[in-house]
Each structure stands twice: as C-alpha cells, then as structure tokens.
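Please read the structure below before turning to the comments.
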Amino acid sequence: MQEQPRIPSVDKVLMFELLILQQLYNISEDEHEH
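Be aware that the sequence shown starts at 28, since it is given in the working numbering, and climbs by one per residue.
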C-alpha cells in the first residue's frame with residue numbers, strides 16, 4: 028500500500044484559512060460583548 032503524495036501547500040493554506048476564520052470569529056465575538 029502506497030500513501031498518496033500530499034500537497035503541503037494545500038495543507039498550509041487550509042491551516043491559514045482556519046486561523047483567519049478563528050480570528051474573525053473572535054473579533055466578532057468581542058464586538059458583540061461590548
């Protein structure tokens with residue numbers, strides 16, 4: 028069984044997008060609090 032080669036750039040982009048989404052969510056949450 029051979030592992031399919033993964034594109035590291037895609038993983039990095041996904042992680043980056045997750046971070047951005049999390050930050051945006053946190054910011055919106057803070058705004059709602061005030």
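Cβ coordinates follow ideal geometry from the N, Cα and C atoms, glycine included.
| For residue 34, the three-state DSSP class (helix, strand or coil) | Here residue 34 is taken as the residue at index 7 of the sequence shown, counted from 1. The three-state secondary structure of residue 34, taken from DSSP, is coil.
| said: Going by DSSP in three states, residue 29 sits in which element: helix, strand or coil? | reply: As a first step, residue 29 must be located in the sequence shown, where it is residue number 2. Residue state, collapsed to three classes: coil.
| field | Between the CA atoms of residue 54 and residue 32 - distance to the nearest angstrom | value | Within the sequence shown, the letter at position 5 stands for residue 32. Within the sequence shown, the letter at position 27 stands for residue 54. Answer to the nearest angstrom: the Cα atoms are 36 Å apart.
| Rounded to a whole number of angstroms, what is the C-alpha to C-alpha distance between residue 45 and residue 57? | The residue given as residue 45 occupies position 18 in the sequence shown. The residue given as residue 57 occupies position 30 in the sequence shown. Answer to the nearest angstrom: the Cα atoms are 18 Å apart.
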